[in-house]
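Have a look at the structure below, then the notes.
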Amino acid sequence: MPKNPQYECPRTGNMYQESGDVYYCSFHDRYAKDRCQAFFDFGGCGMQCPELHTMINDETGRKYCDKHEPTSEIPEVVNWTKRMTEWLTEVAIAESSRKDDVYVAETIADEAEAVARPEESAPKPQSESASESELEEEATDIDLRLQILSLYLSQVEVHTKPEQQQQHGHAVDQKAKAESESQPEQQNEHIASLYFQCNICLENHNAADMNKIEACGHQYNESCLQDFLRRKGVRRYNCAGCRYWLQQKQGL
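In structure tokens, the structure reads:
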């Protein structure tokens, strides 16, 4: 559509003006009230039809051109639902016939293969099939028995294993106890690490007042030893040298 040459309107000029041979947009159309109102329900007052009206409908009061006149011959409306149903029916019939052709071709191919290899397609004797079924049943029974046996053995192992572990632990304890009872002297022959305190009072004294035990190298103060012997106390040592030395001093 040509643009409006008289006004600088950005809209498209689609309404022809008979006076002046120019086009106007729908907004500036001088003959807007005289145009065909066939598309009023869709376009509102914009009126999409650019033709001038030639008749007025008495029932609605709307204006129509010759092309959109309601009394004019209405072309046949295509029933698309009916057409679609007919088309789907034709497609289904064609598909059914194609499947029948494929089935017939497969049947012919199977028959030809059976004729070419009769030894494979021939039915087996009844006795042979019966023996095979019996063998399958026996194999099933054997498998079932093996499963039951394995389940039973696993349960027995689970129940007996803690007892075996308990017995084994008890035997180890008995062995350790016997060894400890049979070797008391070896356990008592322990020499403790050296320290500089008095082995009687476990306190520090002057180095000049300290005496050394030859067996283990530990030191003692003479005054602490005499005081301990007067009181007749009991002193237990983890060191074998100190223990034997104190027993000698006590006259045991």
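Position in the sequence shown (from 1) plus 62 gives the number in the numbering used here. Even glycine gets a Cβ: it sits at the ideal position worked out from N, Cα and C. This structure is a prediction, so every number in the text was calculated from the model and none was measured.
Cβ-based burial, Gln-209 [other Cβ within 10 Å; buried from 16] = exposed
Just to confirm, are Cys-98 and Glu-113 a CB contact at a threshold of 7 Å?
-> yes
Beta-carbon separation of Lys-129 and His-115 under 7 Å?
-> no
Can you tell me which of the three DSSP states Val-153 falls into?
-> Correct three-state label for Val-153: helix.
Pair every Cβ in the region 288 to 298 with every Cβ in the region 265 to 277, then say whether three or more of these pairs are closer than 8 Å.
-> no
Leaving out the 5 sequence neighbours to the left and right, which residues in its chain are closer than 8 Å to Asn-283 when beta-carbon positions are compared?
-> Cys-260, Ile-262, Cys-263, His-267, Asp-271, Met-272, Asn-273
Starting from Asn-273, follow its DSSP beta bridges and name the residues at the other end.
-> BP columns for Asn-273 point to Tyr-282.
Closest by C-alpha distance to Asp-96, when choosing among Cys-127, Val-84, Thr-151 | Cys-127
Relative to the C-alpha of Cys-292, which residue among Lys-311, Asp-91, Val-153 is closest?
-> Here the sequence assigns Arg to residue 292, which means Cys is not the residue at that position. Comparing Cα positions, the closest option is Lys-311.
Tyr-78 lies in the beta strand (DSSP E); which residues open and close that run?
-> 77 to 79
C-alpha gap between Gly-123 and Ala-156, whole angstroms | 54 Å
Where does Gly-303 land, buried or exposed, given buried means 16+ other C-beta within 10 angstroms?
-> buried
Of the listed residues Lys-294, Phe-258, Arg-298, Tyr-299, nearest to Gln-281 (C-alpha basis) = Of the candidates Lys-294, Phe-258, Arg-298, Tyr-299, the residue whose Cα lies closest to the Cα of Gln-281 is Phe-258.
Opposite Lys-129 in the DSSP bridges: which residues?
-> In the DSSP output, where bridge partners are listed per residue, Lys-129 has none listed.
Determine, using beta carbons only, whether Glu-131 and Met-146 come nearer to each other than 7 Å.
-> no
Which residues in the same chain as Leu-256 place their Cβ atom closer than 6 Å to its Cβ, once the five residues preceding and following it in sequence are excluded?
-> Gly-279
Starting from Tyr-306, follow the alpha helix (DSSP H) in both directions and report where the run begins and ends.
-> 302 to 312
DSSP beta-bridge partners for Cys-260?
-> Gln-281
Exposure of Cys-111, with buried meaning 16 or more beta-carbon neighbours within 10 Å = By the neighbour-count definition (other C-beta atoms within 10 Å, threshold 16), Cys-111 is a buried residue.
Assign Asn-300 to one of two classes, buried (16 or more other C-beta atoms within 10 Å of its C-beta) or exposed (fewer than that).
-> exposed
Residue interval of the beta strand (DSSP E) (run including Val-296) | No beta strand (DSSP E) holds Val-296; DSSP gives it neither H nor E.
At a cut-off of 6 Å, is Asp-271 close to the ligand PLP when judged by its beta-carbon and the heavy atoms of the ligand?
-> This structure lacks the ligand PLP, and indeed carries no ligand of any kind.
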